[in-house]
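2 protein chains.
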Amino acid sequence: MAIDELVRRMRGLGNPSVIGLDPRLESMPRHLAENAKTLSEAADAILEFNKALIDELWDIVPAVKPQIAFYEAYGWQGIKAYIETVAYAKKKGLIVIGDIKRGDIASTAQAYAEAHLGPVYGEDFSTVNPYMGEDSLEPFIKVCKERSKGIFVLVKTSNPGSGQLQDLMVLSNGVQMPLYESVGLMVKRLGEDLIGECGYSEIGAVTGVTHPAQAKRLRELMPRTLFLAPGYGAQGAKAIDIADGSIVNSSRGIIEAHTRSPYKERFGEAGFAKAARAAALDMREDLLCLRI
Amino acid sequence: MAIDELVRRMRGLGNPSVIGLDPRLESMPRHLAENAKTLSEAADAILEFNKALIDELWDIVPAVKPQIAFYEAYGWQGIKAYIETVAYAKKKGLIVIGDIKRGDIASTAQAYAEAHLGPVYGEDFSTVNPYMGEDSLEPFIKVCKERSKGIFVLVKTSNPGSGQLQDLMVLSNGVQMPLYESVGLMVKRLGEDLIGECGYSEIGAVTGVTHPAQAKRLRELMPRTLFLAPGYGAQGAKAIDIADGSIVNSSRGIIEAHTRSPYKERFGEAGFAKAARAAALDMREDLLCLRI
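Chains as they are written, first to last, in the working numbering: chain G, 1 to 292; chain S, 1001 to 1292.
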């Protein structure tokens, strides 16, 4: 099962983190970005950047999470770089979480699920959006069962405006609770018969580290659900506030480490991949207080 | 403004419909599908299918709505066919609604918005998912303002399970209402300063025709919002039940008309594009009871 492979790697490396591969040309080292004038050249620069990062990260982090928007933005050439990034990371033994946040009616969700968790994209996990209800998630769950893959369903996201809908109080089966808890309970139920030998379900939940009280409440409600926790670093959350059983994401904090102190001075622009490695090791150290 | 162009075309053609270009190899005429063994050949078949359909539809329907999942499923080659389909439809004067249902934190949403509503994809409208809140929609709205484009926000979707989250009763600013109404009011507010000369806002709403009572209630709440209404045809909704001010989508009912009576007998497989035209004209006739 994908979840067992992921949790074993997290435990084996003593590292509950995932590095977001969200490449932005404007923060890339100049020697890579300066010639990226066309979509095709931009895609080439992204792939070269990612490969150098993966070469420095594969032996210390369990997983990478490419955010597909930053590839899709460069047209089909960008999607090609996305697919090649996934393949390269897999070849190095990394678990790949495709951050795609898709969600649609069943026949459409099926097309997404079979491609992303199948041979076309080759992700181990995809993120999905629950707004359209359970029947929009079922095609993903079917593919998870058939191919030993996993998903992370958006429950409580890390952005400042996440509460606008997600925190609304709802009446769910006669009980009053915030919408995100109601979604959390649905995710728990959907994952109940997909629990692996490491104790977690193939059906995980996205819970931002920027909302520690909510994440801890969700941890109580869904003890067998691994949390994919974005928002670490830039948004100032402390490791001690993160719920146990989380895989914590950092994107810019790691892959753009060469743009800020102390990594900038230590590694320079040309040493961006070594800077990312150093930042990833510092993050690992910080997260050792978490139980996986 | 994109919304004015769309509404003018709807009124000019007397046709409040949009054709969903959701190509599936298994329902395509054999002469197109039979040689599509690789992703690249599948993408070529899709593009040829779409161009033939567009050639027969551009002068009778105002818009097309490619569902990106059915292209993304074929990897980067599929995305290339998507981009080429959008360009071909635009060249023929059709308005293009990219059914992408994206939704993410602001920096990521910005990457999606600038690409899909900008030169990379070239859509006139994109569909977006509101689960992450207003700050996830703002980058799209910013691009709508800068480039005279539009979006349709998922409010009440057409799938059977849509009610699971969307119908939950919430307390929104002290008033009890279903979640979808609360989202509807947000969409209304976000679109208030983007109303065009035809009376509708650049910020539209997706409201399935399968939920007529809810759509009519939303019509009262948001009189200046154009509704993108999926679910016509296959799911048995009648034209008389559809809210005024809707652009009604049909996908399989039109582009797969050659697989069912009476079009199958009249046009045969080779006449799939003429069959689609006949089905689109029948749909137009059915929808004449609607006010645009």
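Glycine included, each C-beta is placed from N, C-alpha and C at the ideal position.
| message | So if I threshold CB-CB distances at 7 Å, which residues from the stretch 1116-1142 of chain S count as touching chain G? | response | Residues of the stretch 1116-1142 of chain S with a C-beta less than 7 Å from any C-beta of chain G: Val1120, Asn1129, Pro1130, Tyr1131, Met1132, Gly1133, Glu1134, Asp1135, Ser1136, listed in chain order.
Q) For S:Asp1244, which residues from the same chain have a beta carbon less than 7 Å from its beta carbon, with the 5 sequence-adjacent residues on both sides left out? A) Cβ neighbours of S:Asp1244 within its own chain (closer than 7 Å, five residues either side excluded): Arg1219, Leu1290, Arg1291.
| field | S:Ala1111 at chain G interface by Cβ criterion, 8 Å | value | Contact of S:Ala1111 with chain G is assigned, a C-beta pair being separated by under 8 Å.
Subject >> Partners in chain G for S:Ile1255, counting only beta-carbon separations shorter than 7 Å >> reply: For S:Ile1255, no chain G residue has a C-beta closer than 7 Å to its own C-beta; the minimum C-beta separation is roughly 14 Å.
Exercise for review: On a CA-only basis, which of G:Arg277, G:Leu288, G:Asp286 is nearest G:Gln60? Give me that one, please.
Suggested key: Checking the sequence, you will find Ile at residue 60 of chain G rather than Gln. In terms of CA proximity to G:Ile60, G:Arg277 leads the group G:Arg277, G:Leu288, G:Asp286.
Length-filtered (4 minimum) alpha helix (DSSP H) runs lying within the stretch 1186-1234 of chain S: Annotation note: the stretch 1186-1234 of chain S contains the following uninterrupted alpha helix (DSSP H) runs of length 4 or greater, listed N- to C-terminal: 1212-1221.
> Three or more beta-carbon pairs under 8 Å between the stretch 134-153 of chain G and the stretch 170-177 of chain G, yes or no?
Replying inline: Verdict: no, contact absent.
Check your understanding: When we look at the beta-carbon of G:Pro223 and count the other beta-carbons within 10 Å, is it buried (16 or more) or exposed?
Key -> Taking every protein chain shown into account, the CB of G:Pro223 has fewer than 16 other CB atoms within 10 angstroms, so this residue is exposed.
*Which ranges does the alpha helix (DSSP H) cover as unbroken runs of at least 4 residues, wholly within the stretch 50-98 of chain G, from first to last along the chain?*
Listed in chain order, the complete alpha helix (DSSP H) runs (minimum 4 residues) inside the stretch 50-98 of chain G are 69-72, 75-91.
*Which partner residues of S:Arg1102 appear in the DSSP bridge assignment?*
S:Arg1102 pairs with S:Val1128.
Quiz item: Alpha carbon to alpha carbon, how far is S:Leu1094 from G:Glu41?
Solution: Rounded to the nearest angstrom, the two C-alpha atoms are 31 Å apart.
Q | Cβ-Cβ distance between G:Leu168 and G:Leu185 below 8 Å | A | No, the Cβ-Cβ distance between G:Leu168 and G:Leu185 is not below 8 Å.
Residues of its chain near G:Val183, where Cβ-Cβ distance is below 6 Å and the 5 sequence neighbours each way are ignored = The beta carbon of G:Val183 sits closer than 6 Å to the beta carbons of Pro130, Val155 from its chain, once the five residues preceding and following it are set aside; these are given in chain order.
Problem - Residues of the stretch 167-183 of chain G whose Cβ lies closer than 8 Å to any Cβ of chain S, in chain order - result: From the stretch 167-183 of chain G, only Leu168, Met169, Val170, Leu171, Ser172, Leu179, Ser182, Val183 have a Cβ closer than 8 Å to chain S.
Is there contact here, the stretch 8-16 of chain G with the stretch 250-263 of chain G, by at least three beta-carbon pairs under 8 Å? No: the two stretches stay apart, fewer than three of their Cβ pairs being nearer than 8 Å.
Item to complete: Give the interface partners of G:Gln67 over in chain S, defined as CB-CB distance under 9 Å, in chain order.
Response: Listed along the chain, the chain S residues whose CB falls inside 9 Å of the CB of G:Gln67 are Asp1104, Thr1108, Ala1111.
request  = Would you list the residues sitting across from G:Leu154 in a DSSP beta bridge?
outcome  = Its beta-bridge partners are G:Val206.
Closer than 8 Å between beta carbons: that is the criterion. Which residues of the stretch 245-270 of chain G meet it against chain S? So nothing in the stretch comes that close.
**OP:** Select from G:Glu84, G:Tyr74, G:Asp135, G:Ile100 the residue whose C-alpha is nearest the C-alpha of S:Glu1114.
**Re:** The shortest C-alpha separation from S:Glu1114 is found at G:Tyr74.
Between the CA atoms of S:Ala1270 and G:Ala2 - distance to the nearest angstrom | C-alpha separation (whole angstroms): 45 Å.
**Item:** chain S contact residues for G:Pro214, given Cβ-Cβ distances below 8 Å
**Value:** First, the residue type needs correcting, since residue 214 of chain G is Gln and not Pro in the sequence shown. In chain order: nothing, as chain S lies at least about 14 Å away.
> Between the stretch 1144-1164 of chain S and chain G, which residues of the former have a C-beta closer than 9 Å to a C-beta of the latter?
Replying inline: Hits within the stretch, in order: Leu1154, Thr1157, Ser1158, Asn1159, Pro1160, Gly1161, Ser1162, Gly1163, Gln1164.
| Given a threshold of 16 other Cβ atoms within 10 Å of its Cβ, counted over all protein chains shown, does G:Leu288 qualify as buried or as exposed? | When all chains shown are included, G:Leu288 counts as exposed.
Using the beta-carbon of each residue, which ones in chain S are nearer than 8 Å to G:Ala73? Ordered by position in chain S, the residues that pass the 8 Å Cβ test against G:Ala73 are Ala1111, Tyr1112, Glu1114, Ala1115, Val1120.
Fill in: Which listed residue (G:Gly204, G:Asp44, G:Ala109) has its alpha carbon closest to that of G:Val248
With distances taken between Cα atoms, G:Val248 lies closest to G:Gly204.
Under the three-state DSSP convention, the category S:Ala1276 falls into
Residue state, collapsed to three classes: helix.
Quiz item: How would you label S:Pro1262, buried or exposed, when you count the other beta carbons within 10 angstroms and need 16 or more for buried?
Solution: Answer is exposed; the Cβ neighbour count stays below 16.
Open item on the list: Among the candidates G:Val206, G:Asp99, G:Phe125, whose CA atom is the shortest distance from the CA of G:Phe70?
Closed with: Check the Cα spacing between G:Phe70 and each of G:Val206, G:Asp99, G:Phe125: the tightest is with G:Asp99.
request  = Tell me whether the beta-carbon of S:Val1206 lies closer than 8 Å to the beta-carbon of S:Thr1157.
outcome  = The answer is yes: Cβ separation under 8 Å.
query: Based on the DSSP secondary-structure assignment, which residues constitute the bridge partners of S:Met1169?
result: Note: S:Met1169 sits in a beta bridge opposite S:Pro1178.
Classify G:Gly133 as buried or exposed, calling it buried when 16 or more other Cβ atoms lie within 10 Å of its own Cβ.
-> Classification of G:Gly133: buried, given that the 10 Å Cβ count is 16 or more.
- Task: Taking S:Leu1006 as part of the alpha helix (DSSP H), name the residues at either end of that continuous run.
- Result: Residues 1002-1013.
| message | Within the continuous beta strand (DSSP E) that includes S:Ile1242, where are the two ends? | response | Looking at the DSSP string, S:Ile1242 is not in any beta strand (DSSP E), and its letter there is neither H nor E.
| task | Could you tell me which of S:Leu1281, S:Asp1135, S:Gly1161, S:Lys1090 sits nearest to S:Gly1103, measuring between CA atoms? | result | Ranked by how close their Cα comes to the Cα of S:Gly1103, the residues S:Leu1281, S:Asp1135, S:Gly1161, S:Lys1090 have S:Asp1135 in first place.
Item to check | Contacting residues, own chain, Cβ-Cβ under 6 Å from G:Tyr112 (five flanking each side not counted) | outcome: So the list reads Arg102, once near-sequence residues are dropped.
Here's the rule I'm using: 16 or more other beta-carbon atoms within 10 Å means buried, otherwise exposed. How should G:Asp193 be labelled? Residue environment analysis places G:Asp193 among the exposed positions, since fewer than 16 neighbouring C-beta atoms fall within 10 angstroms of its C-beta.
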